[in-house]
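Novice: Top to bottom, those sequences are chains A and B.
All the letters of the first sequence, read from the start, carry residue numbers 69 to 256 under the working numbering.
All the letters of the second sequence, read from the start, carry residue numbers 69 to 256 under the working numbering.
Glycine residues also receive a C-beta, built at the ideal position from the N, C-alpha and C atoms.
Remember, it's a predicted structure, so these values are computed and weren't measured experimentally.
This is the structure I want to talk about, given as structure tokens.
Number of protein chains: 2
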Amino acid sequence: MGDARSTMVAGAATMIGMRGVGATSVRELAKHTGAPLGSTYHYFPGGKEQLVAEAVAWVSDRIETLLRESDSALDALDAFVASWRRLLESTGYHASCPVLAVAAEEPALGDDGEPVSTPAFARWHRLIAATLEKDGIAADEARGLAWTVLASVEGAVVLSRSQRSAEPLDAVAAHLRSVVAAAVARVP
Amino acid sequence: MGDARSTMVAGAATMIGMRGVGATSVRELAKHTGAPLGSTYHYFPGGKEQLVAEAVAWVSDRIETLLRESDSALDALDAFVASWRRLLESTGYHASCPVLAVAAEEPALGDDGEPVSTPAFARWHRLIAATLEKDGIAADEARGLAWTVLASVEGAVVLSRSQRSAEPLDAVAAHLRSVVAAAVARVP
């Protein structure tokens with residue numbers, strides 16, 4: 069992906085995380101990133117639908133890489149939380165997860181649009197479950213715990229943004245660390 | 069609140085939970101509820117901003133009542149989860165919490181709009197913490213645990229909607245039940 073294009077996709081992801089899909093458009097993206105409108109349309113001839121799909125894929129890939137590269141379930145949890153903390157802090161607590169924003173608005177792309185949050189969340193869930201299984205936790209328990217990790221971090225990011233405070237994310241991160249550590253400690 | 073007006077506010081809440089703030093308007097609400105456009109504008113002269121504020125207040129009041137009327141922290145948790153489960157089931161897993169949708173899109177009402185998710189989530193958090201304290205849990209622990217309960221249920225509702233499956237909500241509800249029960253059991 070070219071640098072200019074990549075910058076625009078990243079900008080679209082942040083924009084969706086800040087304002088949702090409804091307020092996102094090729095025109096708004098050009099304004100947001102300071103790119104010429106013509107080049108923005110050139111990169112995204114499919115308009116909003118293409119923009120949203122590529123932004124979700126971009127975020128999803130980054131999270132997947134970070135989960136795959138973790139050495140343990142606790143490392144994966146810490147990296148996942150840290151990634152959202154960076155987004156919150158770099159936007160003054162004005163953005164939350166773009167995939168969650170898309171999920172909350174679907175069918176934002178019209179009734180015929182392919183849901184783009186479904187496969188992204190499903191992949192994150194499987195990767196979190198895989199880090200738990202690698203630490204010896206049984207598949208069934210890992211599957212349930214991975215939903216808890218994903219749901220509570222995603223929820224906490226929205227709450228921290230809504231309250232303009234790290235408190236919800238801090239509370240959830242501390243809870244999940246102790247739950248994951250206890251589950252790993254129980255492994256025979 | 070008159071019956072017709074109340075039905076429209078409830079309809080607006082469901083609509084926001086299904087399509088987000090971006091796709092919500094007085095015109096769309098009239099279509100969605102089958103009410104005449106004129107009477108819809110009559111009830112909501114403030115347009116989308118009024119619609120969203122009243123829908124959030126309506127949802128918020130219902131959740132607050134349900135939390136206040138619970139006899140114990142576990143009862144409150146069960147009632148909170150059951151309320152979102154009903155929304156998911158009654159919409160074929162096509163809606164999530166309207167307050168979360170608003171939070172994910174703010175400033176959906178423009179940069180000058182008053183954030184409406186902030187006080188709603190703050191009140192839910194305080195009421196959940198109060199149910200935990202009433203069961204004997206210390207204020208500090210109750211505060212942290214209440215963020216975990218709120219974040220993980222809100223996150224699970226979006227995930228269940230995104231996956232069109234009760235699995236994320238079921239997993240989170242089971243986890244929270246055991247965590248809350250254990251916290252209450254530790255009370256001296």
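(1) Taking beta-carbon pairs under 7 Å, can you tell me which members of the region 83–111 of chain B lie near chain A?
(2) Is there a Cβ of chain A sitting closer than 9 Å to that of Glu122 (chain B), yes or no?
(3) Here's a check: name, in chain order, each residue in its chain whose Cβ is nearer than 8 Å to the Cβ of Leu156 (chain B), leaving out the five neighbours to either side.
(4) Any contact between the region 190–200 of chain A and the region 180–200 of chain B? By contact I mean 3 or more CB pairs, one from each, below 8 Å.
(5) Is Ser128 (chain A) closer than 9 Å to Val167 (chain A) when the C-beta atoms are compared?
(6) So, is Ala150 (chain A) buried or exposed, given that buried needs 16 or more other C-beta atoms within 10 angstroms?
(7) Would you identify the three-state DSSP class for Arg73 (chain B), choosing helix, strand or coil?
(8) Can you pull the chain A residues whose beta carbon is under 7 Å from the beta carbon of Thr216 (chain B), in chain order?
(9) For the alpha helix (DSSP H) that contains Tyr161 (chain B), what are its first and last residues?
(10) So Gln118 (chain A) contacts chain B; which residues on that side make the cut at Cβ distance below 7 Å?
(11) Which stretch, first to last residue, makes up the alpha helix (DSSP H) that contains Phe189 (chain A)?
(12) Assign Lys99 (chain B) to buried or exposed, taking buried as 16 or more other Cβ atoms, counted over all protein chains shown, within 10 Å of its Cβ.
(13) With Ile64 (chain B) and Ala144 (chain B) assumed to form a contact (beta carbons below 8 Å), what rounded beta-carbon distance in angstroms separates them?
(14) Quick check: what's the CA-CA separation for Gly223 (chain B) versus Leu213 (chain B)?
(15) Let me see if you follow: with CB-CB separation under 9 Å, is Arg153 (chain A) close to chain B or not?
Specialist: Checking against the coordinates, here is how it stands:
(1) So the list reads Arg87, Gly88, Val89, Gly90, Ala91, given in the order they occur along the chain.
(2) It does not: the Cβ of Glu122 (chain B) has no partner Cβ on chain A nearer than 9 Å.
(3) If we look at Leu156 (chain B) and ignore the five residues flanking it on each side, its Cβ neighbours are Ala163, Ser164, Val225, Ser228, Arg229, Ala234, Leu237.
(4) Taking a cut-off of 8 Å for Cβ pairs, the region 190–200 of chain A and the region 180–200 of chain B do not touch, as fewer than three such pairs fall below it.
(5) Note that the C-beta distance between Val167 (chain A) and Ser128 (chain A) is below 9 Å.
(6) Exposed: under 16 other Cβ atoms inside 10 Å.
(7) In the structure shown, Arg73 (chain B) sits in a helix (DSSP, three-state: H, G or I).
(8) Taking a Cβ-Cβ cut-off of 7 Å, the neighbours of Thr216 (chain B) in chain A comprise Ser220, Ala239, Val240, His243, given in sequence order.
(9) Neither: Tyr161 (chain B) is in no alpha helix (DSSP H) and is coded neither H nor E.
(10) Among the residues of chain B, none has a CB under 7 Å from the CB of Gln118 (chain A); the nearest is roughly 18 Å distant.
(11) It spans 185–202 - the alpha helix (DSSP H) in which Phe189 (chain A) sits, taken as one unbroken run.
(12) Lys99 (chain B) comes out exposed.
(13) The requested residue 64 (chain B) does not occur in the structure, where chain B is confined to residues 69 to 256.
(14) Their Cα atoms are separated by approximately 15 Å.
(15) Judged by the 9 Å Cβ criterion, Arg153 (chain A) is not in contact with chain B.
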